[in-house]
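Note sheet for the following structure.
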Amino acid sequence: MSTVTISTLRVGRRRDRPLTADARPPVSWTVDAEPGWVQSAARLRLDGERIAELEGEGCVLVAWPFEPLQGRRVHTLELQVVGADGSASDWSAPVTFSVVRRTEPWTAPSIGLAHPDRPAQPVYLRREFDVEPTVVAATLDATAHGVYQVAIDGVDVDDHVLKPGWTSYRHRLALESTDVSALLRPGRRQALTVRLAGGWFTERYGFGSSARRVYGDQPAVSIELRLEHSDGRVESLRSDERWRASSAVELESSGLYAGETRDARRRQEGWDAPGFDDGAWEPVAVVPLPPSLAVEALDVEPVRRIEERPPLAVLTTPSGATVLDFGQNLVGRVRFTVEGPRGATVTLRHAEVLEQGELCVRALRAAESIDRFTLAGRGPEVMEPEFTFHGFRYVEVSGWPGELRPEAFRAVVLHTDLDRTGGFGCSDHRLERLHDNVVWSLRGNAVGLPTDCPQRDERMGWTGDAQVFAPAAASLFGVDAFLASWLDDLALEQGDRAGLVPTIIPDVLGELSGVAAAGWGDAATVVPTVLHERYGDVALLRRCLPSMRAWVDRAHREAGPSRLWETGFQYGDWLDPTASRPDKAAADPGLVATAYLHRSTRLLADAYRAVAEAEPGGAGERDGEDLVAAQRGYAALAEEVRQAFRHAYLTPAGRLMSDAPTAYALTLAFGLVDDEPTVRRLGERLAFLLRARGYRMATGFLGTPVVLDALLDSGRSAAAEQLLLQDACPSWLYPVTMGATTMWERWDSMLPDGSINPSGMTSFNHYALGSVADVLHRRVGGLAPAAPGYRRVRIRPWLVSALDHARVHQETPYGRAAVSWRRSGGSVTVVAELPAGVTASVELPDRPAFEAGSGRHEWVVDEPRSSTQAPALGVDADLADLADRPGVCALVSRRLAGADPELGREFDEFVRWVPGRTLRAELAAVSPPPELVASLDAELRALTAPAS
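For the sequence shown, my numbering gives the first residue as 1, with consecutive numbering after it.
Right, dumping it as structure tokens:
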């Protein structure tokens with residue numbers, strides 16, 4: 001019999017701690033077993049007593065088999081699995097988990113400053129209490145309109161940052177529940193204190209003069225300390241009139257955009273300890289929370305301090321300013337240790353980039369991103385902001401007393417405590433740096449919710465960004481709980497808008513975000529689909545069905561009976577680099593919107609099918625809804641959209657009426673055409689258009705995630721490779737050549753001469769264009785999900801000719817899966833490792849597709865050498881032949897720009913790398929010096945790289 005052991009056992013969806021807010025949390029596990037082992041049954045043992053018998057292979061998000069769990073309890077769970085061969089594991093080590101949920105309604109009122117003298121005023125709150133000797137356990141529950149931390153006798157109750165995070169404040173607040181038993185001192189008097197600032201609640205949202213406070217002017221906290229006695233009594237200390245408040249504290253001001261001002265001279269020593277005289281403090285304002293507001297514990301990881309990084313260099317700018325370079329664009333804040341005279345003020349100003357050697361703050365717009373610290377003058381002082389964060393690589397330091405030592409500073413990286421689950425590597429360091437940049441941009445845009453950017457006066461949950469990036473996010477980190485919580489807010493914001501999904505979640509822009517925008521509202525269908533595909537979470541899909549359906553129905557009302565969505569405002573292929581304005585992309589917005597209408601309708605039909613199949617016994621009904629009938633209805637509707645699309649936009653010659661790369665990419669990737677001849681013609685035209693631009697990017701937010709898949713699936717792998725490895729502007733690798741350490745909002749956020757794009761919308765930490773990371777995993781690495789939760793995978797490596805090797809790994813719900821390939825001589829060795837319970841469809845270029853089971857596999861792929869002789873290069877060569885040689889287009893552009901930047905710009909603007917014209921003829925239009933043409937000709941002739 002096989003030997004099998006339990007590797008992991010998890011209760012609920014959180015990955016950081018064994019906590020759940022669910023009365024019926026799902027259970028997941030992975031096992032180590034010999035190749036081919038298959039689970040046939042499992043046993044779960046709760047609290048060492050109750051045993052549940054489970055039949056079948058299920059091990060991912062298995063439904064809770066016991067009675068519902070009561071809140072504020074600690075339990076243990078053990079697991080034993082049985083194989084189809086009769087083998088059985090030992091019982092696993094017990095997993096201890098806590099249930100952080102309330103069964104009673106939340107009634108604690110909120111408290112804050114009674115007489116604030118300015119908006120968004122920070123406040124410290126305190127009260128003391130006596131702990132009876134009979135107290136045996138304590139739980140602290142709290143939430144806030146703002147951001148806060150609680151301490152008992154000066155010790156913080158947890159390591160969370162910026163809690164409780166940002167939810168749809170009009171609808172719900174996140175309740176933080178913490179076991180604080182270890183902090184209590186039975187028989188003594190103790191102090192319960194709160195540090196509170198406005199955070200997201202009091203921030204001003206909007207652009208320019210329209211910016212305003214949407215939620216409220218002042219922060220407030222709602223809190224309950226529950227003391228359990230040995231005799232069964234429960235004592236509750238709530239936020240009420242017995243608390244005292246003071247704004248005369250070291251935290252003078254705090255804003256997410258503005259930064260913090262702290263004055264250590266105002267520190268009231270002992271204020272957070274028992275016995276402090278708070279007679280000068282004022283009574284609090286007590287305000288009940290609205291009864292319609294849900295206060296609930298969330299199953300999602302909190303924001304934490306994740307790592308610290310020292311500065312790599314201390315720079316002196318041309319103006320004489322002192323700037324710290326941390327070497328990495330990151331999100332968080334700076335902590336430092338300083339010693340200086342009382343009243344000295346150290347100021348930190350943050351920015352992502354330098355421009356002409358100085359801190360570039362123009363791109364931050366109205367976000368000051370300045371932290372100020374006034375010293376108490378009592379020896380070494382440790383300073384760090386608490387209730388703000390910044391996006392930065394560079395920090396300008398002014399007012400430093402004495403000699404500045406770099407070791408005194410640390411950048412503290414903040415983000416939601418997500419578990420890293422996927423990795424990629426290859427023989428091209430540029431692609432590895434690109435992948436690292438995507439990882440850092442996800443880290444920086446996961447501070448509580450998925451945001452567009454972390455540095456300027458925005459930092460909002462744009463739905464379009466989240467939609468296009470969700471697959472890449474799931475390839476890199478365990479984002480299921482994180483994105484599921486955000487989807488709950490999406491559904492709440494959508495609920496009173498007749499199905500419309502605001503373009504920002506939580507919605508703080510009102511009329512500006514209240515548009516039905518294709519590619520943005522489709523987050524309602526795409527993100528749940530991705531979470532089901534990557535994590536096997538059919539329960540989440542079921543929960544999201546009403547939101548998915550509401551959006552699809554709304555989109556169809558927008559389109560009308562024609563099934564063509566050609567009315568209203570559309571963001572379209574946002575930030576198409578060929579367009580003069582962000583929303584004026586080359587791809588027709590009606591075509592783009594109709595393509596998304598088809599996609600979301602199809603995804604909704606697929607979701608109904610998945611939910612119906614998961615119902616007990618395959619029942620086709622749930623909550624009175626006929627799931628099978630709904631699936632059939634939306635599948636038919638999707639087909640109507642597809643036929644209308646083909647009739648309106650596809651020409652008999654196999655081209656599209658909107659002759660733009662994004663139009664072709666969406667049409668191919670979304671399955672709007674499926675007959676092989678048409679697919680081939682559309683792929684050929686897409687490749688032609690991209691080559692005409694010298695294989696530089698010609699797609700924006702919506703076209704970029706699918707353009708490589710569209711090329712590969714239509715047989716244009718050479719064009720896909722040229723596009724992926726291009727490093728001239730605009731391209732994925734261009735920012736890498738410019739020293740980028742995160743993804744940029746624009747392909748040219750920094751221009752080739754090092755200046756910053758003059759637009760008022762320029763971010764250097766924007767993950768949308770980093771959607772390519774999912775392609776690196778699925779296609780270059782060759783590991784993709786083929787069934788929900790990676791229960792079945794597709795191994796299909798794209799053997800990029802310019803790479804010697806590539807590798808990818810994924811911590812799937814079933815365990816670690818990995819694929820790697822390496823060239824040697826005339827063959828490629830492909831290695832795959834699959835966890836127990838996972839099967840694979842393997843597609844290699846030299847043989848028919850075949851199946852593989854769990855375990856380690858190795859295959860050798862014959863790679864025939866091309867017998868085609870590459871055309872000779874030179875300025876008299878055909879433009880298309882030159883463009884198809886890797887790196888030539890970028891080389892020509894750089895040589896021209898190096899001789900004369902204006903000459904290079906003019907050439908790049910009009911050149912079309914198409915057959916039937918020579919480079920010499922094209923160069924004649926910009927009149928370069930003859931010696932430059934001759935030099936370029938000689939350099940091209942010397943190239944010996946093989947044809948693509």
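For each residue, glycine too, the CB sits at the ideal point set by N, CA and C.
Keep in mind the model is a prediction, meaning the values are calculated, not measured.
Inter-residue CB distance, residue i and residue j (contact presumed, cutoff 8 Å)
i     : j    : result
A877  : P871 : 6 Å
W29   : P506 : About 35 Å; that fails the 8 Å criterion.
L672  : R646 : 7 Å
R14   : E301 : 6 Å
A1026 : P68  : Missing from the structure shown is residue 1026; the chain here goes from 1 to 948 and no further.
R410  : R309 : 7 Å
P864  : L799 : Not confirmed; about 12 Å, so no contact.
L113  : L9   : Not quite, the Cβ-Cβ distance comes to about 46 Å (not below 8 Å), so this is no contact.
A211  : G146 : Wrong, their Cβ atoms sit about 18 Å apart, outside the cutoff.
Simplified DSSP assignment, three categories, for residue i
i    : result
F389 : coil
E939 : helix
H350 : strand
D601 : Correcting the residue identity first, residue 601 is Thr in this sequence and not Asp. Helix.
F910 : helix
E34  : coil
V888 : helix
V926 : coil
R10  : strand
C426 : strand
A784 : strand
S717 : helix
D263 : strand
Q455 : coil
S771 : helix
M383 : strand
Y148 : strand
D881 : helix
Distance, residue j Cα to residue i Cα
i    : j    : result
T839 : E34  : 14 Å
A138 : T103 : 17 Å
V157 : R226 : 14 Å
Y360 : G754 : Per the sequence shown, residue 360 should be read as Cys rather than Tyr. Distance between the alpha carbons of C360 and G754: 12 Å.
P901 : Y148 : 52 Å
D950 : V131 : Because the chain spans 1 through 948 in this model, residue 950 falls outside it and cannot be assessed.
P186 : T134 : 7 Å
T20  : A294 : 18 Å
A491 : V501 : 8 Å
V194 : P116 : 17 Å
S292 : D428 : 55 Å
D217 : T529 : 38 Å
G536 : S319 : 56 Å
D419 : D804 : 30 Å
A719 : S254 : 50 Å
L125 : A446 : 29 Å
message: Any contact between the segment 744 to 757 and the segment 908 to 916? By contact I mean 3 or more CB pairs, one from each, below 8 Å.
response: no
message: Can you confirm whether the segment 103 to 123 touches the segment 286 to 300 when touching is taken to mean that 3 or more C-beta pairs between the two stretches lie within less than 8 Å?
response: yes
message: Runs of 4 residues minimum, wholly inside the segment 644 to 714: which ones carry the alpha helix (DSSP H) assignment?
response: As summarised for the segment 644 to 714, the continuous alpha helix (DSSP H) elements at least 4 residues long and confined to that stretch are 661 to 669, 676 to 692, 704 to 713, given in chain order.
query: Does the segment 321 to 337 come close enough to the segment 373 to 384 to have 3 or more Cβ pairs within less than 8 Å?
result: yes
Runs of beta strand (DSSP E) wholly within the segment 170 to 256 (minimum 3 residues, chain order): 172 to 174, 176 to 179, 189 to 197, 220 to 229, 234 to 238, 244 to 246, 251 to 255
message: Any contact between the segment 696 to 709 and the segment 655 to 664? By contact I mean 3 or more CB pairs, one from each, below 8 Å.
response: Yes, the segment 696 to 709 touches the segment 655 to 664.
- request: Just list the alpha helix (DSSP H) runs in the segment 463 to 530, keeping only unbroken ones of 4 residues or longer that don't cross its boundaries, in chain order.
  value: 463 to 476, 480 to 495
Within the segment 792 to 834, ranges of the beta strand (DSSP E) (whole runs, at least 3 residues): Complete beta strand (DSSP E) runs here, min 3: 792 to 795, 805 to 812, 815 to 824, 827 to 834.
message: Quick check for students: name the residue ranges of the alpha helix (DSSP H) that lie wholly in the segment 293 to 331, counting only runs of 4 or more.
response: none
The segment 686 to 695 in contact with the segment 390 to 402 per 3-pair CB rule at 8 Å: no
field: Segment contact, 8 Å Cβ cut-off, at least three pairs: the segment 177 to 186 with the segment 133 to 150
entry: yes
The segment 785 to 805 / the segment 486 to 499 touching (three or more Cβ pairs under 8 Å): In short, these stretches do not touch, since the Cβ pair count stays below three.
- request: Could you tell me whether the segment 516 to 526 touches the segment 590 to 609, using the rule of 3 or more Cβ pairs below 8 Å?
  value: In the pairwise beta carbon analysis, the segment 516 to 526 is classified as touching the segment 590 to 609: at least three pairs are separated by under 8 Å.
message: With three or more C-beta pairs closer than 8 Å as the rule, is the segment 830 to 839 touching the segment 804 to 819?
response: yes
query: Between the segment 465 to 482 and the segment 774 to 784, do at least 3 Cβ pairs fall closer than 8 Å?
result: Contact between the segment 465 to 482 and the segment 774 to 784 is present, with at least three C-beta pairs closer than 8 Å.
- prompt: Using 8 Å as the Cβ pair cut-off and three pairs as the minimum, do the segment 278 to 285 and the segment 454 to 470 touch?
  reply: No, they do not touch.
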